[in-house]
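Visitor: Position 110 of the sequence shown, counted from 1, bears residue number 124 in my numbering, the numbering being contiguous throughout. Each residue gets a CB set at the ideal place from its N, CA and C atoms; glycine is no exception. Treat the numbers as computed from the prediction; the structure is a model and nothing was measured. A single structure is presented below for examination.
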Amino acid sequence: MTDDREYEPEFGEGEARGARRSLARQMAKKVIKEFRLKSPPVDVVMLIRERGLRLVQSDVPGAVSGQLFPAQSEVFVNTHNRSLARQRFTMGHELGHWELRHYLEDELPADSYGFAGVYEAEGESEGRSSIEIEANTFAAELLMPGSWIKTEKRPLSSGRATELAALYQVSHEAMFYQLMHYKML
15 MTDDREYEPE
25 FGEGEARGAR
35 RSLARQMAKK
45 VIKEFRLKSP
55 PVDVVMLIRE
65 RGLRLVQSDV
75 PGAVSGQLFP
85 AQSEVFVNTH
95 NRSLARQRFT
105 MGHELGHWEL
115 RHYLEDELPA
125 DSYGFAGVYE
135 AEGESEGRSS
145 IEIEANTFAA
155 ELLMPGSWIK
165 TEKRPLSSGR
175 ATELAALYQV
185 SHEAMFYQLM
195 HYKML
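Given below as structure tokens:
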């Protein structure tokens, strides 16, 4: 598959996981800047389509939340028993695989982890591949950009965090982790 988009080289196997997470955040910021996104919620469906990807949403019982099918330029999102917030995070996650060019690496596993791997420390993510954690990091930064949430007064109350989750159309837990990452709580 050829891809004319600008490519930033990925880090080698021996590089720290933190450096790859940093790259994922940078790539999300690049997308936000490219599309001149200014306020929440981020229209992740539009971003997927603008990248030439077909979004397929289907109600399929099972653990798989989403999957990128690069050869078909397709993003699959499972809607079965998943909130809108979860679906949006999955879309951001799969777009992250595309933007980070994970399809050039080994076979992409189906995502069944959600965003929990975004903030795991080294050694706490046994069994989860680095590309899944990077895609989660990309999704978190895309849907809840640090530059936007850092405009809030600190420290934030749990009530305000809940309001922000609703505004950004993400789960309370996802917002909590992003706020913790930026030391807003």
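Buried or exposed: G80, going by 16 or more other Cβ atoms within 10 Å of its Cβ?
Guide: Mapped onto the sequence shown, residue 80 falls at position 66. G80 should be labelled buried.
Visitor: Report the partner residues of Q81 according to the DSSP bridge assignment.
Guide: Stepping through the sequence shown from its first residue, residue 81 is reached at position 67. F90.
Visitor: Taking DSSP as the reference, what is the three-state secondary structure of R68?
Guide: Here residue 68 is taken as the residue at index 54 of the sequence shown, counted from 1. Three-state result, R68: strand.
Visitor: What separation, rounded to the nearest whole angstrom, lies between the Cα atoms of V184 and R102?
Guide: Position 170 of the sequence shown, counting from 1, holds the residue named residue 184. Position 88 of the sequence shown, counting from 1, holds the residue named residue 102. If you take the alpha carbons of V184 and R102, they lie about 7 Å apart.
Visitor: Do E148 and A77 have their C-beta atoms closer together than 7 Å?
Guide: Translated into positions along the sequence shown, residue 148 becomes position 134. Translated into positions along the sequence shown, residue 77 becomes position 63. Result no, Cβ atoms of E148 and A77 do not sit closer than 7 Å.
Visitor: Would you mind giving the Cβ-Cβ distance between S72 and N92, rounded to the nearest angstrom? I have them listed as a contact below 8 Å.
Guide: For the purposes of this step, residue 72 is taken as residue 58 along the sequence shown, with counting starting at 1. For the purposes of this step, residue 92 is taken as residue 78 along the sequence shown, with counting starting at 1. Rounded, the Cβ-Cβ distance is 7 Å, consistent with contact.
Visitor: Please work out which residues of its chain come closer than 6 Å, Cβ to Cβ, to M189, disregarding the five sequence neighbours upstream and downstream, and give them in chain order.
Guide: Sequence index remark: in the sequence shown, residue 189 carries index 175 (1-based). The answer, listed in chain order, is A175, L178, A179.
Visitor: Are the beta-carbon atoms belonging to K167 and Y196 less than 7 Å from one another?
Guide: Indexing the sequence shown from 1 puts residue 167 at position 153. Indexing the sequence shown from 1 puts residue 196 at position 182. Going by beta carbons, K167 and Y196 fall outside the 7 Å limit.
Visitor: Around the Cβ of V74, are there at least 16 other Cβ atoms within 10 angstroms (buried) or fewer (exposed)?
Guide: What you label residue 74 is simply residue 60 of the sequence shown in a count that begins at 1. By the 10 Å Cβ count, V74 comes out exposed.
Visitor: When DSSP labels each residue in this structure, what does V184 get in the three-state scheme?
Guide: As a position in the sequence shown, residue 184 is number 170, starting the count at 1. Looking at V184 - three-state DSSP - the assignment turns out to be coil, as it is neither helix nor strand.
Visitor: Helix, strand or coil for S36 per DSSP?
Guide: Locating residue 36 in the sequence shown gives position 22, counting from the first residue. It is helical.
Visitor: Where L11 and L193 are concerned, what is the direct C-alpha to C-alpha distance, given to the nearest angstrom?
Guide: Residue 11 falls outside the range modelled here, since the chain spans only 15 to 199, and no answer is possible.
Visitor: Assuming P169 contacts L199 (C-beta within less than 8 Å), just tell me the rounded distance between them.
Guide: The residue given as residue 169 occupies position 155 in the sequence shown. The residue given as residue 199 occupies position 185 in the sequence shown. Contact flag correct, Cβ pair sits at about 6 Å.
Visitor: My assumption, with CB atoms under 8 Å, is that V45 sits in contact with M105. Please give the rounded CB distance.
Guide: Indexing the sequence shown from 1 puts residue 45 at position 31. Indexing the sequence shown from 1 puts residue 105 at position 91. With a Cβ gap of about 13 Å, V45 and M105 do not count as contacting.
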